[in-house]
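Heads up: the structure comes next, in structure tokens.
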Amino acid sequence: MYAPYVAVSSEGGALTSQQAIALVIVWAEPITGLATSQFKVSGPATASVAALKLLRGTSSYYHLLVNLPADYTGSVSITFTGQVKDASGNVNIPLQALQFTKTTDSLLEPTSFRILKSPGLLALT
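Per my numbering, residue 18 is the first one in the sequence shown, and the count goes up by one each step.
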């Protein structure tokens, strides 16, 4: 049996001007034990994980909302520091941090990030 895994991917690049960052986390299989306290945001001191919710009609898709200060510019890193388990009791494979830069450039299109399941590489693309 395999351990639960996800890979990190960004759809709009690693640059955003958004204050609220929406992540969709897709595990390879249903898991238990996921909580907001397992995510650490590095960069702005007042950044916070605002919400974590299982998406309706799914068993392994989660929505994570991270709030950043409006006037912050610079590097941001979101790290999963916890462990989750699948139905067989296997714990997750360690994940790389999602890293991006927040800017105040209003010409940027809104960016959302996805954490996608992948049997291969765990990396920011």
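All C-beta atoms, glycine included, are put in the ideal place defined by N, C-alpha and C.
query = Which class does Lys134 belong to by DSSP, given the choice of helix, strand or coil?
reply = The sequence position of residue 134 within the sequence shown is 117, counting from 1. Only weak support is given to the placement of Lys134: the predicted model assigns it a pLDDT of 46, under 50, and the question is left unresolved by the model.
inquiry  = So, at 6 Å on beta carbons, what are the nonlocal neighbours of Asn84 in its own chain, with the 5 sequence-adjacent residues on each side left out?
reply    = Counting from 1 along the sequence shown, the entry for residue 84 is found at position 67. Result list for Asn84: Ala37, Ser65, Ala67, in chain order.
Simplified DSSP state of Ser76, which is helix, strand or coil = Here residue 76 refers to the residue found at position 59 of the sequence shown. Looking at Ser76 - three-state DSSP - the assignment turns out to be coil, as it is neither helix nor strand.
ask   = How would you call Lys70, buried or exposed, if buried means at least 16 neighbouring beta carbons within 10 angstroms?
value = Counting from one through the sequence shown, the residue named residue 70 turns up at place 53. Exposed, since its Cβ has fewer than 16 Cβ neighbours within 10 Å.
Separation of Ala87 from Thr121, as counted between CA atoms = Your numbering for residue 121 matches position 104 in the sequence shown. Your numbering for residue 87 matches position 70 in the sequence shown. Between the C-alpha atoms of Thr121 and Ala87 there is a straight-line separation of about 8 Å.
task = Specify the secondary structure class of Thr96 as computed by DSSP and reduced to three states.
result = The residue given as residue 96 occupies position 79 in the sequence shown. Thr96 falls in the strand class under three-state DSSP.
ask   = What is the residue span of the beta strand (DSSP E) that Lys57 lies within?
value = Taking the first residue of the sequence shown as position 1, residue 57 is located at position 40. Residues 56-59.
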